[in-house]
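Have a look at the structure below before the remarks.
In the working numbering, the protein residues as written are 225 to 683.
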């Protein structure tokens with residue numbers, strides 16, 4: 225009998241995990257939840273699942289742990305404390321470090337309580353990969369108790385996922401020298417992606433790709449805003465994502481930024497020789513935790529612009545999921561400083577831009593992996609799963625960038641299709657079927673089967 229501890233941060237997550245838990249319980253799994261959302265806690269308990277949520281004893285233990293902070297940091301092997309607070313500071317525009325430290329240790333106390341109650345059953349912690357303090361706290365608590373923590377991360381392939389064990393770093397893709405059992409399926413997927421010019425969007429994130437105005441006036445979003453306001457201010461329910469005012473302000477500012485930038489867009493078809501740098505979602509943990517030295521993307525854009533060869537342009541494009549998330553004044557400032565810099569409309573297709581560019585620079589965006597499908601050289605700055613891709617050059621020192629760009633654009637053009645296909649077959653072999661927060665019956669059954677088979681193979 226397997227024992228799983230699953231974390232949930234919001235209702236939409238809980239509704240999904242509840243169906244998974246019911247399926248696994250019928251297969252003799254013991255499931256406990258750590259819930260960071262009071263509505264979710266009520267739902268889970270109503271379905272007879274043991275659910276741990278923050279209580280006064282956790283808050284009291286947090287005070288004890290923070291009283292001797294140096295000792296507690298060593299106990300939980302937390303190095304560079306401010307690094308682990310960065311994601312939440314960026315996402316919610318927070319600056320009260322002491323409150324955040326207390327929150328971290330109250331959540332550690334909560335996770336400790338759950339793990340100690342289940343420790344004799346040799347539990348496994350299962351979480352969606354993320355940078356929020358709740359997720360981080362459960363990770364460090366698991367490690368302190370020698371409990372394996374598996375992060376679930378959407379993979380390059382739609383409807384498939386990575387399991388990342390005991391680390392926030394991207395997964396290492398290992399060379400699979402055995403027979404490629406899914407060769408035809410992988411080839412079909414890659415050819416289809418190129419032909420249809422489709423980018424990988426997990427269904428859970430699809431709503432982010434609507435335009436900013438549509439997000440603001442969306443009936444569902446307005447209804448949820450009222451519900452969350454009532455829960456927070458009247459019913460005093462705990463919410464992990466309770467920064468309602470910030471969320472509304474942010475989207476209004478995003479709309480203003482989007483309007484301000486429209487007159488600055490260039491068309492990729494009008495460019496001749498150019499280097500492409502796709503901008504990342506500013507608050508993504510791929511930046512905040514995996515590649516924090518590149519968190520200030522505009523500073524990086526200015527640096528890249530100063531290091532491209534003469535006669536080339538640097539083309540940037542906002543991430544289509546968060547248009548307007550970067551201050552338009554900062555982008556305009558970079559454009560004013562660098563006449564070799566252009567910004568392309570975020571609505572232009574990524575594949576069309578990649579096909580036309582001379583090389584791609586990426587921090588760790590999936591655009592870099594997509595570029596290799598189109599036989600383009602990629603210069604990688606950060607921590608990404610495709611660092612050992614045959615067409616990827618990892619830039620260990622940013623000072624190497626100019627030389628690396630020069631080498632990349634002057635490389636003899638070869639057809640790497642067979643090597644790239646082999647590489648993505650290796651990627652496929654480390655992915656598993658299933659998609660987070662898609663609650664149709666087929667996906668629930670597939671996801672539950674994947675958990676069972678994965679845990680059986682990784683005892």
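Where a beta carbon is used, it is the ideal one built from N, C-alpha and C, also for glycine.
Tell me which residue opens and which closes the beta strand (DSSP E) that residue 300 is part of.
On the chain shown, position 76 is the one that residue 300 refers to. Per DSSP, residue 300 belongs to no beta strand (DSSP E) and is neither H nor E.
For residue 622, which of helix, strand or coil comes out of DSSP?
Looking up residue 622 in the chain shown gives position 398. Note: residue 622 maps to helix in three-state DSSP.
Give me the Cα-Cα distance between residue 573 and residue 538, rounded to the nearest whole angstrom.
By one-based count along the chain shown, residue 573 stands at place 349. By one-based count along the chain shown, residue 538 stands at place 314. Residue 573 and residue 538: Cα-Cα distance of roughly 17 Å.
Just reading off the alpha helix (DSSP H) that residue 351 is part of, what are its end residues?
Counting from 1 along the chain shown, the entry for residue 351 is found at position 127. Here residue 351 belongs to no alpha helix (DSSP H); instead the beta strand (DSSP E) covers 348–352.
Identify the continuous beta strand (DSSP E) that holds residue 636 and give its terminal residues.
Along the chain shown, one-based indexing puts residue 636 at 412. No beta strand (DSSP E) holds residue 636; DSSP gives it neither H nor E.
Taking the straight line between their C-alpha atoms, what separation do you get for residue 657 and residue 569?
What you label residue 657 is simply residue 433 of the chain shown in a count that begins at 1. What you label residue 569 is simply residue 345 of the chain shown in a count that begins at 1. Looking at the backbone, the Cα of residue 657 and that of residue 569 are separated by about 33 Å.
Assign residue 614 to one of two classes, buried (16 or more other C-beta atoms within 10 Å of its C-beta) or exposed (fewer than that).
For the purposes of this step, residue 614 is taken as the residue at position 390 of the chain shown. Burial call: exposed.
Within 10 angstroms of the Cβ of residue 481, are there 16 or more other Cβ atoms? Answer buried if so, exposed if not.
Sequence index remark: in the chain shown, residue 481 carries index 257 (1-based). Classification for residue 481: buried.
From this set, 394, 600, 488, 532, which residue's C-alpha is nearest residue 509's C-alpha?
One-based indexing of the chain shown puts residue 509 at position 285. Among 394, 600, 488, 532, the Cα nearest to that of residue 509 belongs to 394.
Per DSSP, what kind of secondary structure is residue 564 in: helix, strand or coil?
Residue mapping note: residue 564 aligns to position 340 of the chain shown, counting from 1. Three-state DSSP puts residue 564 in coil, outside helix and strand.
Taking only three categories from DSSP, how would you classify residue 516?
Your numbering for residue 516 matches position 292 in the chain shown. Note: residue 516 maps to helix in three-state DSSP.
When DSSP labels each residue in this structure, what does residue 527 get in the three-state scheme?
Stepping through the chain shown from its first residue, residue 527 is reached at position 303. The answer is helix: DSSP assigns residue 527 an H, G or I state.
So who's on the other strand from residue 277, going by DSSP bridges?
Your numbering for residue 277 matches position 53 in the chain shown. Within the DSSP secondary-structure output, residue 277 pairs in no beta bridge.
When you compare the CB positions of residue 651 and residue 512, do they come within less than 8 Å of one another, or not?
Here the question's residue 651 lines up with position 427 in the chain shown. Here the question's residue 512 lines up with position 288 in the chain shown. Their beta carbons are not under 8 Å apart, which means residue 651 does not touch residue 512 by this criterion.
Count the C-beta pairs between the region 636–654 and the region 593–600 that are closer than 8 Å, then say yes if the count reaches three, no if not.
Judged by pairs of C-beta atoms under 8 Å, the region 636–654 touches the region 593–600, as three or more such pairs exist.
Which listed residue (274, 616, 392) has its alpha carbon closest to that of residue 337:
Here residue 337 refers to the residue found at position 113 when the chain shown is read from its first residue. Nearest to residue 337 by C-alpha distance, out of 274, 616, 392, is 274.
If distances are taken between C-alpha atoms only, which option among 582, 542, 383 comes closest to residue 535?
Taking the chain shown and counting its residues from 1, the one referred to as residue 535 is at position 311. Nearest of 582, 542, 383 to residue 535, Cα basis: 582.
Residue 584 versus residue 489 - alpha carbon distance:
Within the chain shown, residue 584 is the residue found at index 360, counting from 1. Within the chain shown, residue 489 is the residue found at index 265, counting from 1. Distance between the alpha carbons of residue 584 and residue 489 is about 19 Å.
Are residue 682 and residue 397 closer than 8 Å when you measure CB to CB?
By one-based count along the chain shown, residue 682 stands at place 458. By one-based count along the chain shown, residue 397 stands at place 173. No Cβ-Cβ contact shorter than 8 Å links residue 682 with residue 397.
On the DSSP letters alone, give me the boundaries of the alpha helix (DSSP H) that residue 331 sits inside.
Taking the chain shown and counting its residues from 1, the one referred to as residue 331 is at position 107. Unbroken alpha helix (DSSP H) run through residue 331: 321–342.
Given a cut-off of 8 Å, decide if residue 528 and residue 554 are closer than it, judged by their beta-carbon atoms.
Along the chain shown, one-based indexing puts residue 554 at 330. Along the chain shown, one-based indexing puts residue 528 at 304. No, the pair does not count as a contact, with Cβ atoms beyond the cut-off.
Given a cut-off of 8 Å on the beta-carbon distance, is the pair residue 352 and residue 559 in contact?
The residue labelled residue 352 in the question sits at position 128 within the chain shown. The residue labelled residue 559 in the question sits at position 335 within the chain shown. Not in contact: residue 352 and residue 559 (Cβ atoms no closer than 8 Å).
Taking the alpha-carbon of residue 483 as reference, which of 248, 543, 552 has the nearest alpha-carbon?
Here residue 483 corresponds to residue number 259 of the chain shown, with the count starting at 1. Looking at the Cα atoms, 552 is the closest of the given residues.
To the nearest angstrom, how far is it from the Cα of residue 226 to the Cα of residue 297?
As a working mapping, residue 226 is identified with position 2 in the chain shown. As a working mapping, residue 297 is identified with position 73 in the chain shown. Rounded to whole angstroms, residue 226 to residue 297 spans 31 Å at the Cα level.
Which first and last residues belong to the beta strand (DSSP E) in which residue 377 is found?
Taking the first residue of the chain shown as position 1, residue 377 is located at position 153. Counting along the chain, the beta strand (DSSP E) containing residue 377 begins and ends at 373–378.
Would you please state the rounded distance, in angstroms, between the beta carbons of residue 228 and residue 347? I believe it to be under 8 Å.
Position 4 of the chain shown, counted from the first residue, corresponds to residue 228. Position 123 of the chain shown, counted from the first residue, corresponds to residue 347. 7 Å between Cβ atoms; contact.
On the three-state DSSP scale, how would you describe residue 393?
The residue you call residue 393 lines up with position 169 of the chain shown. In this structure, residue 393 counts as coil in the three-state DSSP scheme.
Could you tell me if residue 677 is buried or exposed, where buried requires 16 or more neighbouring beta carbons within 10 angstroms of its beta carbon?
To locate residue 677, count along the chain shown from 1; it is residue 453. With fewer than 16 neighbouring CB atoms inside 10 Å of its own CB, residue 677 falls in the exposed class.
Identity of the residues DSSP links to residue 256 by a beta bridge:
Position 32 of the chain shown, counted from the first residue, corresponds to residue 256. Answer is 229, 274.
Please return the same chain residues whose Cβ sits closer than 6 Å to the Cβ of residue 580, not counting the five positions on each side in sequence.
For the purposes of this step, residue 580 is taken as the residue at position 356 of the chain shown. Within the same chain, residue 580 has close Cβ partners 492.
Rounded to a whole number of angstroms, what is the C-alpha to C-alpha distance between residue 648 and residue 410?
Position 424 of the chain shown, counting from 1, holds the residue named residue 648. Position 186 of the chain shown, counting from 1, holds the residue named residue 410. Cα to Cα, residue 648 sits roughly 7 Å from residue 410.
By a C-beta neighbour count over all protein chains shown, 10 Å radius and 16 as the cutoff for buried, is residue 680 buried or exposed?
Reading the chain shown from its first residue, position 456 is the one you call residue 680. Residue 680 comes out exposed.
Tell whether a beta-carbon distance below 8 Å holds between residue 605 and residue 628.
Position 381 of the chain shown, counted from the first residue, corresponds to residue 605. Position 404 of the chain shown, counted from the first residue, corresponds to residue 628. The answer is no: Cβ separation not under 8 Å.
Checking the sheet assignment: what are the DSSP bridge partners for residue 617?
Here residue 617 refers to the residue found at position 393 of the chain shown. Partner(s): 603.
Within its chain, find whatever has a CB closer than 8 Å to the CB of residue 664; leave out the 5 residues flanking it on each side and keep chain order.
By one-based count along the chain shown, residue 664 stands at place 440. Cβ within range, chain order: n/a, list empty.
Just to confirm, is the Cβ distance from residue 306 to residue 356 under 8 Å?
As a first step, residue 306 must be located in the chain shown, where it is residue number 82. As a first step, residue 356 must be located in the chain shown, where it is residue number 132. When the beta-carbon positions are compared, residue 306 and residue 356 stay at least 8 Å from each other.
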